[in-house]
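Engineer: Here the working numbering is used: the first residue of the sequence shown is 2, the next is one more, and so on.
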Amino acid sequence: MQLRLIRYLLAVAEHGNFTRAAESLHVSQPTLSQQIIQLEDMLGVALLDRGGRTVKVTDAGRVYIQYAERALRELETGRRAIHDVQDLVRGELRLATTPTFTAYLVGPLLAAFHARYPGIMVRLKEMSLDTIAAAVAADEVDLGIAFAVSRPADDIECEPLLFERLHVVVGTQHKFAARTRPITPEMLATERLGVLSLDFATRRHIDDYLRSLGIAPYIAMETNTISALIEVVRRSDMITILPQAIGLQHADLRNIAITPEPQPRTATLLYRRDVYRSAASIAFTALAKQSFSSTS
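1) Once DSSP output is grouped into helix, strand and coil, what is the label at S297?
2) Does DSSP classify R95 as helix, strand or coil?
3) Quick one: Cα of V90 to Cα of A284, how far?
4) Could you compute how far the alpha carbon of Q30 sits from the alpha carbon of A22?
5) From the DSSP output, which residues share a beta bridge with M188?
6) Helix, strand or coil for I7, going by three-state DSSP, please let me know.
7) Given that a residue counts as buried once 16 or more other Cβ atoms are within 10 Å of its Cβ, and exposed if not, what is H115?
8) Going by DSSP in three states, M128 sits in which element: helix, strand or coil?
9) Between T185, S34 and A69, which has its C-alpha nearest P261's C-alpha?
10) Round the Cβ separation of L254 and V170 to the nearest angstrom and send it over; I've been treating them as touching at under 8 Å.
11) With the cut-off set at 9 Å, would you say P301 and R166 are in Cβ contact?
12) Looking at C-beta atoms only, is the number of pairs between the region 56-73 and the region 264-278 that lie closer than 8 Å three or more?
13) Is the distance from the Cβ of E141 to the Cβ of A97 below 9 Å?
14) What residue range is occupied by the uninterrupted beta strand (DSSP E) comprising Y272?
15) Name the two residues that bound the continuous beta strand (DSSP E) containing Y210.
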């Protein structure tokens, strides 16, 4: 019962309104209000300020919510531990990755993982580089795959998986398609360039590389999906810069090296340190490290 009351409180705090909170919880507004009053009576303090048009959390409420949220996370971890079957007949893996890795790294890994452990339910989320470490720290996901974090939190472990190299990628009809020598950055200045949007770490890495060389390319297209970028490049004379592994996966695309080469980046596996780890997350970690041990 205490857990239900806590969840009711968190819903009101999130929505700032009893009616909307009640709708999200699928209970009546009077029932929700009575349950919150019951929780306040148990604690002997007012958790919510109902005086204005918007319900606000009191100082005591903010303190209590911090501990309540932490308790719910720990209880959820305990629930997963109870249901975690060490022989991996069943279970769950919560995985977060950046969109770039979804295109060439995570797909093959999850296919291999599912072939070994078909009973494991995988919940995959695409997230930005900036939010993956926070999601791991908050126990919203078991594992994250992202580029190396410069200053990870003390409770986050980062294990390198592989080095990613960027190449120019063109369609088979492009004039560069048959080229065997590397392209220079100056050659890019005369080409129509397709790029990912700025919320991609890959785009920011490319911008920094070109800026360091004093190159200002003509950007003909910007997109927030890798699949759209690939489709346009392979059907037109537009070029792009992507991880080498993406170009290798498509028969109608060609990879061409750039000299000087952009700085390679390290793909890392992120997980919380010194806490319970499910058998599924341990098995996925072992598979990932085994799969890329020869390329990292």
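Backbone N, C-alpha and C define an ideal beta-carbon position, used for all residues, glycine too. As the structure is a computational prediction, the values presented were derived from the model and not from experiment.
Structural biologist: The relevant details are as follows:
1) One-based indexing of the sequence shown puts residue 297 at position 296. Annotation note: pLDDT 44 at S297 (below 50); position unreliable, no value reported.
2) For the purposes of this step, residue 95 is identified with residue 94 of the sequence shown, where counting begins at 1. Reduced to three states, the DSSP call for R95 is strand.
3) In the sequence shown, residue 90 corresponds to position 89, counting from 1. In the sequence shown, residue 284 corresponds to position 283, counting from 1. Answer to the nearest angstrom: the Cα atoms are 12 Å apart.
4) Walking along the sequence shown from the start, residue 30 turns up at place 29. Walking along the sequence shown from the start, residue 22 turns up at place 21. Distance between the alpha carbons of Q30 and A22 is about 8 Å.
5) On the sequence shown, position 187 is the one that residue 188 refers to. None; M188 has no bridge partner.
6) Locating residue 7 in the sequence shown gives position 6, counting from the first residue. Looking at I7 - three-state DSSP - the assignment turns out to be helix.
7) By 1-based counting over the sequence shown, the position of residue 115 is 114. Burial call: exposed.
8) Residue mapping note: residue 128 aligns to position 127 of the sequence shown, counting from 1. It is coil, neither helix nor strand.
9) Within the sequence shown, numbered from 1, the residue matching residue 261 stands at position 260. Nearest option by C-alpha distance: T185.
10) As a position in the sequence shown, residue 254 is number 253, starting the count at 1. As a position in the sequence shown, residue 170 is number 169, starting the count at 1. V170 and L254 do touch by the CB rule: their CB atoms are close to 5 Å apart, below 8 Å.
11) The first residue shown for the chain is 2 and the last is 297, placing residue 301 beyond what the model contains.
12) These segments do not touch.
13) As a working note, residue 141 is residue 140 in the sequence shown. As a working note, residue 97 is residue 96 in the sequence shown. Going by C-beta atoms, E141 is nearer than 9 Å to A97.
14) Locating residue 272 in the sequence shown gives position 271, counting from the first residue. From DSSP, the beta strand (DSSP E) with Y272 extends over R266 to R273.
15) As a working mapping, residue 210 is identified with position 209 in the sequence shown. It is not in any beta strand (DSSP E) - Y210 instead sits in the alpha helix (DSSP H) that spans A202 to S213.
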